[in-house]
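Visitor: Counting in this note's numbering, the sequence shown runs without a single skipped number right up to 967 at its last residue. We put the CB at the ideal spot given by N, CA and C, even for glycine. Source: prediction; values computed, not measured. Got a structure here, written out as structure tokens. Questions coming.
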Amino acid sequence: MSLPNDSPIADRPRLDVLQLTALLDSPPEQFFDRLTRLATESSGAPIALMTLVTGDRQFFKSSRGLPEPWLSRRGSPLRLSLAKHVVVSRELLIIPDTHEDPNWRDHPAVAELGVRAYAGFPILSPDQYVLGAFSVMDRKAREWTPSEVRILDDLAAIATGEIHRRLRLRLGEQGDLSDMLDHFRNLLEHSLAGVYLIQGDRFLYVNPKLAQIFGYEPEELLSGTRPADLAVKEDENKVAENLRRRLAGEVEGIHYTFRGRRKDGREIDLEVLGSGTEIDGKPAVIGMLLDITSRKRSEEELREREEHFRSLLANAWDGMHEVDAAGRIRYVSPAAERMLGYPTGHMVGRAIKELIHPEDAPRTMRLLADTFRSAGSEHSITIRIRHQDGSWRDVQVQMRLMGADAAEPIAILNTRDVTEALRTERALRESEERYRLVARATNSAIREWDIGSGHCIWDDSSNLLLRYTEDEIGTTIDWWYERIHSEDREHVVTSIQAALDGVGESWSEEYRFLRGDGGYATVLDCCHISRNEQGVPFRVIGSLMDVTERTRNEESQRFLARASTLLGEQLDLDPTLAALARLTVPTLADYCLIDLVEYRGSDGTLRRVASAHVDPTREVVLLRDEHHALSDDPDRHPVVRAVLTKEPVLVTECTPAVLKAISHDEEHHQQLREMGLCSYMMVPLVARGRALGVITLASSHSARRFWPRDLLVAENLANRAALAIEHAQLFREAQDAIRAREEVLGVVSHDLRNPLNVVRLSSQLMLEAAAGERRSANVQALERILRASSQMEEMIEDLLDMSSIEAGRFSISRRPFAVEELIREACDLFQPLAESKSIRLKSSLSDELPEVSIDVHQILRVFSNLVGNAIKFTPEGGEILIGASVRGSEVLLTVQDNGIGIEKEQIAHVFDRYWQAADGDRRGAGLGLAIARGIVEAHGGRIGIQSGENGGATVHFSIPTGS
């Protein structure tokens with residue numbers, strides 16, 4: 005706002021009077037400083053000024069609350085002055101909010117000094133020139149009350165009166181008592197402050213307000229009442245002494261408080277402000293008297309509140325730190341000291357940064373600096389603070405600024421130890437990860453139900469969770485009842501009524517609840533029931549947690565578990581896949597298709613092997629669907645694309661355009677429309693990187709739509725199905741291999757054994773005919789043929805036995821048999837062969853060996869393999885020991901030799917089919933030990949081998965002693 009062209013700011017007469025006051029550029033004076041102090045205290049505004057305005061600047065004769073640099077300069081350029089507008093208008097200037105007033109929002113004082121609210125009162129010379137303004141300012145918008153305006157006007161009048169007095173003194177005009185009283189009377193008759201003029205120890209003048217404060221008429225106080233008579237007995241001397249010192253000129257002014265007594269005997273608190281003057285050449289005191297009873301009461305209440313606040317701080321769980329702009333701790337509450345374990349006062353004076361973890365300190369100090377820069381802002385952060393014992397505590401800190409307008413503002417840091425809470429949270433997260441639970445933050449809808457009135461209050465979070473607007477949420481319990489799913493409502497109502505009729509204090513139930521968007525959420529409702537002394541319930545406070553996702557996951561897991569069981573029940577592929585398709589409907593989809601890849605040469609096709617539909621009459625149509633060649637256009641055949649890319653295809657909304665795009669022709673397009681295809685997923689069946697087929701899940705004429713979470717379940721199902729298909733295919737291949745092997749063995753056992761028998765019998769007959777030729781060359785050749793045919797027959801027998809063992813068809817014929825007799829027969833059987841190689845064959849038996857139920861012939865075959873190998877690999881002069889002992893519920897049989905032993909790396913293979921030692925005798929097929937293991941295991945025993953470090957080997961096998 006600019007000044008008018010005819011502004012009186014530069015009027016020469018006004019400036020001359022201003023110079024005559026001798027106040028410009030003069031030092032601060034206690035008299036005027038008291039007035040500005042009273043102005044800030046009475047109005048609550050932080051800044052008060054007594055401003056004199058020259059032609060180019062404003063001078064602050066007195067100021068309170070003024071920030072630097074203006075406090076030191078005691079003035080400013082005229083462009084920053086609001087007082088100049090008081091000088092120009094010669095009227096009171098009141099501005100509640102400069103930001104909202106277009107006349108003032110762009111004023112430099114608003115932008116540079118931050119003035120938001122202003123009240124200015126003109127200071128007039130005796131000739132009615134406006135010399136300046138008595139002003140108060142605030143950095144916040146405010147309404148100036150009539151009471152505040154009248155008190156400030158009175159203070160401006162007192163300042164004006166003092167200036168008039170000084171002007172008269174400078175001009176040598178010492179007026180008499182009547183002149184002085186006339187001068188003040190018009191200004192002070194309607195003042196809200198008490199005004200007095202005292203000479204000696206008597207009142208010369210009191211205004212109506214002062215008399216009203218004490219409950220007298222003015223004439224009563226002017227008829228000989230002493231000022232000290234108005235004080236309580238304890239304060240009479242204080243009043244008299246302050247008056248004496250001012251009249252004697254010992255002090256420039258007086259300012260004190262005392263306890264006064266009204267005419268009706270009631271005591272009041274008073275504040276006195278006075279300065280010296282002269283009346284008829286004699287010293288006098290003129291000043292103000294304020295009733296501060298209410299203020300004192302407020303101060304007392306404030307002290308009590310402060311005491312209460314400090315008591316709360318001392319006993320609070322949460323701590324508090326006061327920190328200055330330099331980051332130094334100014335105060336620490338007892339709770340904060342207890343939280344961090346420090347002795348009283350130990351943290352005060354230290355830099356707050358010293359207590360903060362180095363990783364958290366930079367961010368914390370930045371937020372602290374922001375707090376000092378932005379008045380009114382609040383910041384919250386969780387950091388680590390060092391405990392007195394050296395450990396780190398997790399502390400939640402809230403920062404806010406206190407006393408933003410003060411010379412030294414303070415940041416308040418409210419602190420809460422959240423170490424245990426965070427540890428619990430971390431443990432919960434770890435537990436959730438361990439059990440593969442998907443953690444997702446969910447809000448709870450909180451409600452409070454007044455049972456007597458039926459009134460129900462929902463908290464703000466209910467809007468988000470239940471998806472209703474604030475206006476849509478009802479205020480009665482019936483609103484809740486009505487939104488429970490019709491299938492769940494009766495059970496829920498009966499359940500909560502039973503809880504209310506009982507004596508318990510809690511109730512919980514899981515049910516479906518209608519959301520504002522029309523869908524149903526599965527919620528977990530947990531309530532606390534409050535009862536009166538008679539046990540009658542009167543209030544229920546509950547929380548609804550959305551557990552839809554958890555319920556969906558549980559249902560998915562149960563479904564996948566059923567699918568896994570189904571897929572593992574049999575290896576026959578076609579009925580298994582048909583059952584799987586039926587399992588998915590209607591749990592996952594309205595209909596399901598399963599297609600498998602088949603190859604004829606290099607050409608691959610997809611063959612429909614299973615289907616299921618919620619309408620069974622449509623399954624025949626689904627099975628009639630044509631086959632797809634893998635060479636078909638994948639853009640028009642998404643099922644082909646799924647196989648070729650091994651990636652799933654998800655279409656959430658099957659629009660008419662999508663239907664057209666995936667139709668092979670018009671007939672197919674019409675079929676898809678009749679099926680009512682709304683949404684579909686096509687998931688490849690992939691095992692070991694090979695696409696085996698595709699499972700298609702679709703919705704038909706329903707509200708079901710597939711989303712990524714549904715695709716995840718479908719992919720899990722496809723993975724299980726793919727493994728089952730691969731296992732079934734491998735099983736089918738194994739069965740084919742077994743059948744082929746059986747056919748080969750049939751040839752071996754029949755077609756090969758018959759000619760072998762002819763060779764064997766012919767050799768025997770020729771030997772019998774040549775019996776008289778003794779050891780001729782012909783006889784020796786026939787003997788070799790006979791031995792070779794016997795070995796070939798044994799090999800054929802071994803092959804057949806091995807085949808039976810592998811097929812699980814190997815049978816034994818058990819009978820009770822003594823272990824001693826078994827060992828004796830084994831020794832007798834191999835004694836001649838051992839003696840022929842000069843090998844000692846011995847036996848070692850423990851006492852009281854039990855009978856065992858065995859197939860004697862087969863067990864002797866085991867000994868034949870074990871003892872035969874021992875003789876084969878034991879040098880002449882060696883020793884073989886056959887032993888038997890009881891070990892628990894079984895008999896342990898051993899064959900031990902001191903031959904060449906077995907390499908450690910070969911031990912793991914000695915019982916494998918067709919395995920032979922690298923340097924061994926290769927006359928057999930390598931099936932002996934494999935057959936021995938099969939025979940032992942058929943008896944329910946175990947077989948193993950050990951080799952000594954210096955040679956020799958021990959083969960042991962067990963036979964259960966039970967039947």
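1. Output yes or no for whether 9 Å exceeds the beta carbon distance between residue 663 and residue 677.
2. Provide the residue span of the alpha helix (DSSP H) that contains residue 485, from first to last.
3. Assuming residue 858 contacts residue 943 under a Cβ cut-off of 8 Å, what Cβ separation, rounded to an integer in Å, is found between them?
4. Could you work out which residue in 722, 651, 479 is closest to residue 563 when comparing CA atoms only?
5. Does the distance from the CB of residue 499 to the CB of residue 484 come in under 9 Å?
6. Is the Cβ-Cβ distance between residue 889 and residue 849 less than 9 Å?
7. Roughly how far, in whole angstroms, is the beta-carbon of residue 52 from the beta-carbon of residue 79, given that I think they are within contact range, below 8 Å?
8. Cβ of residue 638 within 8 Å of any heavy atom in the ligand MN?
9. Residue 97 and residue 198: beta carbons closer than 9 Å?
10. Contact defined as beta carbons within less than 8 Å: I believe residue 331 pairs with residue 371. What is the distance between those atoms, to the nearest angstrom?
11. Which ranges does the alpha helix (DSSP H) cover as unbroken runs of at least 4 residues, wholly within the stretch 361–418, from first to last along the chain?
12. What is the C-beta distance between residue 593 and residue 702, in whole angstroms, given that I count them as a contact (C-beta under 8 Å)?
13. Going along the chain, which residues of its own chain have a beta-carbon closer than 7 Å to the beta-carbon of residue 147, five neighbours each way excluded?
14. Indicate whether the contact test is met: 3 or more Cβ pairs, each with one atom in the stretch 866–873 and one in the stretch 886–902, closer than 8 Å.
15. Using only alpha-carbon positions, find the residue among 207, 222, 381 that is nearest to residue 213.
16. Can you tell me where the alpha helix (DSSP H) holding residue 245 begins and where it ends?
17. If contacts are defined as beta-carbon pairs under 8 Å, then residue 634 and residue 613 qualify, I think. What distance do you get, rounded to the angstrom?
18. Since residue 885 is in the beta strand (DSSP E), which residue starts that stretch and which ends it?
19. Can you tell me where the beta strand (DSSP E) holding residue 900 begins and where it ends?
20. Rounding to the nearest angstrom, what Cα-Cα distance links residue 40 and residue 225 in this structure?
21. For residue 379, which residues from the same chain have a beta carbon less than 7 Å from its beta carbon, with the 5 sequence-adjacent residues on both sides left out?
22. Quick one: grab the DSSP three-state call for residue 224.
23. Per DSSP, what are the beta-bridge partners of residue 531 in this structure?
24. Quickly, what does DSSP pair residue 282 with across the bridge? List them, please.
25. Is the stretch 160–167 close to the stretch 118–138, with three or more CB pairs under 8 Å?
26. Which one of 459, 683, 401, 581 has the shortest CA to CA distance from residue 689?
27. Taking 8 Å as the cut-off, does the stretch 461–470 touch the stretch 565–575 (at least 3 CB pairs, one atom from each stretch)?
28. Kindly indicate which three-state DSSP category residue 36 falls into: helix, strand or coil?
29. Could you say which of 273, 291, 65 lies nearest to residue 247 if we only look at CA atoms?
30. I need the boundaries of the beta strand (DSSP E) containing residue 462, first residue and last residue.
31. The beta strand (DSSP E) spanning residue 711 covers which residue range?
32. Just the C-alpha distance for residue 854 and residue 824, rounded to the nearest angstrom, thanks.
33. Alpha carbons only, please: which of 130, 208, 304, 158 is nearest the one belonging to residue 172?
34. Once you ignore the five residues that flank residue 441 on each side, which residues in its own chain have a CB closer than 7 Å to its CB?
35. From 123, 159, 133, 127, pick the residue whose C-alpha is nearest to that of residue 149; which is it?
36. Looking at C-alpha atoms only, which residue of 949, 691, 454, 659 is the closest neighbour of residue 680?
Guide: Put simply:
1. Taking 9 Å as the cut-off, the Cβ atoms of residue 663 and residue 677 count as close.
2. From DSSP, the alpha helix (DSSP H) with residue 485 extends over 481–486.
3. Correct: roughly 6 Å between the Cβ atoms.
4. That would be 722, whose Cα lies nearest to the Cα of residue 563.
5. Going by C-beta atoms, residue 499 is not nearer than 9 Å to residue 484.
6. Going by C-beta atoms, residue 889 is nearer than 9 Å to residue 849.
7. Incorrect: roughly 16 Å between the Cβ atoms, too far for contact.
8. Judged by which ligands are present, the structure shown has none, so any question about the ligand MN falls away.
9. Not a contact, by the Cβ cut-off of 9 Å.
10. About 12 Å separates the beta carbon of residue 331 from that of residue 371, a gap too long to meet the 8 Å contact definition.
11. The stretch 361–418 contains these whole alpha helix (DSSP H) runs: 365–377.
12. About 6 Å; that satisfies the 8 Å criterion.
13. The beta carbon of residue 147 is closer than 7 Å to those of 100 in its chain, skipping five residues each way along the sequence.
14. These segments touch.
15. Of the candidates 207, 222, 381, 222 places its Cα closest to the Cα of residue 213.
16. Segment 240–251, the alpha helix (DSSP H) holding residue 245.
17. A Cβ-Cβ separation of about 16 Å leaves residue 634 out of contact with residue 613 under the 8 Å criterion.
18. Under the DSSP assignment, residue 885 falls in the beta strand (DSSP E) whose first and last residues are 883–891.
19. According to the DSSP assignment, residue 900 belongs to the beta strand (DSSP E) that extends over 894–901.
20. If I take the Cα positions, the gap works out to 29 Å.
21. Excluding residues within five positions, the ones whose Cβ falls inside 7 Å are 405, 408.
22. Residue 224: helix per DSSP, three-state reduction.
23. According to DSSP, residue 531 bridges with 511, 546.
24. Beta bridge pairing from DSSP links residue 282 with 287.
25. Touching, yes.
26. The residue among 459, 683, 401, 581 with its C-alpha nearest the C-alpha of residue 689 is 581.
27. Per the Cβ contact rule, the stretch 565–575 is not in contact with the stretch 461–470 (fewer than 3 Cβ pairs under 8 Å).
28. Annotated three-state conformation of residue 36 is helix, per DSSP.
29. Of the candidates 273, 291, 65, the residue whose Cα lies closest to the Cα of residue 247 is 291.
30. Here the beta strand (DSSP E) through residue 462 covers 459–462.
31. For residue 711, no beta strand (DSSP E) segment is defined, and its DSSP state is neither H nor E.
32. Going by the C-alpha atoms only, they are around 9 Å apart.
33. Relative to the Cα of residue 172, the nearest Cα in the group 130, 208, 304, 158 belongs to 130.
34. Only weak support exists for where residue 441 lies, its pLDDT of 36 falling under 50; the coordinates are left without a value.
35. That would be 123, whose Cα lies nearest to the Cα of residue 149.
36. Ranked by Cα distance from residue 680, the first of 949, 691, 454, 659 is 659.
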